[in-house]
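Under the UniProt record's numbering, the first residue of the sequence shown is numbered 1, with each subsequent residue one higher. Every residue, glycine too, gets a C-beta built ideally from N, C-alpha and C. What follows is a single structure, written as structure tokens, with notes after it.
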Amino acid sequence: RRSRQTSGAPAHALSASGVGALSSDAHMRVRTPFRCSPHPCEYEIAFVSDVEGDLDYFNRWVAGSRCVAYTGSDEAALTLTHARAYFVYGGDVPDHGRGSEQLLRLLVGLKRAFPRRVALLVGNRDLNKLRLTSECAPSDLARPHWSIPAPHWDPSAPTLSQHLEQVAAARGGGATAESCDCAAERLRWMYDNTLGCPATFEARRAELAALRSVGSATGDNGGGGGGGGGAAVSDEEVVAAAVADVMPGGAMSNYLRHAFSEPSRNLPGTFAGAMSNYL
């Protein structure tokens with residue numbers, strides 16, 4: 001799958017053989033005859049993919065969509081615009097932008113509202129977050145940093161120890177790899193050197209701060225976790241939010257649950273069943 005475009009154009013064009021032509025705004029009209037009727041019935045399918053947390057980009061896409069729209073000016077929920085509109089999200093919801101959690105919740109909300117007309121697909125940026133449940137667990141954080149190898153698929157990537165040594169050198173004042181070893185630095189190392197998203201830690205901090213600010217104005221914590229409105233989001237809160245997202249009930253966990261809610265569609269039954277049991 002190609003990377004998401006960064007221009008104002010919609011993300012991906014969906015190619016299909018023999019089922020219809022795509023317009024420039026990534027919508028597809030498909031004529032499918034009903035068996036019970038001699039007349040063709042027209043459907044309109046909207047498709048977007050690889051938004052990767054860029055909520056501003058997604059909002060521009062929605063503004064140009066004929067199938068998907070916000071239900072109100074507050075952009076808190078999505079809807080399908082007409083009875084024959086369908087929507088497919090092609091995967092890779094989070095990471096580079098500052099709207100990952102909000103985008104996850106918007107997509108799940110649309111799927112819940114239109115379960116038979118919305119399909120959520122899963123990409124590597126969605127599935128690879130499941131590793132946080134183990135690698136940010138206390139038992140794994142207790143492992144010596146020098147025992148954790150570099151990613152085998154990238155020989156040029158630094159080991160965790162090398163990352164911590166760089167952090168210690170930048171801090172100065174007698175800091176060592178051991179004194180810098182913590183959950184936040186391990187998560188930064190994962191994002192930077194094993195998941196290909198070096199901006200995610202700070203993007204997540206910015207999103208949590210924004211949600212906290214909104215929550216303060218409405219009397220809700222806004223998902224930021226702890227602290228009052230306007231308070232800085234700590235490293236520990238960023239880690240806690242990242243782990244909470246993939247735990248049962250979290251934003252990413254809910255997305256995966258709804259993406260795997262129909263295992264008979266293009267998924268091996270045992271894999272979908274195993275995912276459902278976990279989620």
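Minimum Cα-Cα distance from L164 among the listed residues D154, S147, H152 corresponds to S147.
Proximity of the stretch 239-255 to the stretch 103-117 meets the contact definition, three or more beta-carbon pairs being nearer than 8 Å.
In this structure, the CA atom of V88 is about 48 Å from the CA atom of T176.
With respect to A210, R60 sits apart: the two C-beta atoms are not nearer than 9 Å. Shown here, A77 sits in coil according to DSSP, grouped into three states, outside any helix or strand.
Measuring C-alpha to C-alpha distances from A77 to each of Q102, N124, D56, G123 identifies Q102 as the nearest. Excluding five sequence positions before and after T71, the CB atoms of its chain that fall closer than 8 Å to its own CB belong to A77, L78, T79, given in chain order. In this structure P144 is not in contact with N193, their Cβ atoms being roughly 18 Å apart against a cut-off of 8 Å. The beta carbon of W153 sits closer than 7 Å to none of the beta carbons in its chain outside the five residues before and after it. V48 has Y89 as its beta-bridge partners, per DSSP. If you check the CB distance, G91 and V62 do not come in under 9 Å. Counted as a single uninterrupted DSSP element, the stretch harbouring V62 is not any beta strand (DSSP E) but the alpha helix (DSSP H) occupying residues 55-63. Apart from sequence neighbours up to five positions away, the residues of its chain that approach G53 with a beta-carbon distance below 6 Å are P94, D95, H96, G97, G99, S100, ordered along the chain. Look at the beta carbons and you see the stretch 126-138 touching the stretch 241-251: at least three pairs across the two are nearer than 8 Å. Cβ-Cβ distances below 8 Å link P149 to T159 in the same chain, with the five nearest sequence neighbours on each side left out; the list follows chain order. Here the alpha carbons of Y191 and T200 stand approximately 7 Å from one another. Here A168 has A175, T176, A177, S179, C180 as same chain residues with Cβ atoms under 8 Å from its own Cβ, once five neighbours each way along the sequence are excluded. Of the residues F260, E237, L187, the one whose Cα lies closest to the Cα of E207 is E237.
Counting the other CB atoms within 10 Å of its CB gives G250 a total of 16 or more, which places it among the buried residues. In terms of Cα proximity to G196, the closest of A142, S156, S261, I45 is S156. V239 is positioned such that its CB atom lies closer than 9 Å to that of A184. In the same chain as L141, and ignoring 5 residues on each side of it, the C-beta atoms closer than 6 Å to its own belong to A183, in chain order. Residue burial is scored here from C-beta neighbours: E42 has fewer than 16 other C-beta atoms within 10 angstroms and is therefore classed as exposed. The DSSP-derived three-state label of V246 is helix.
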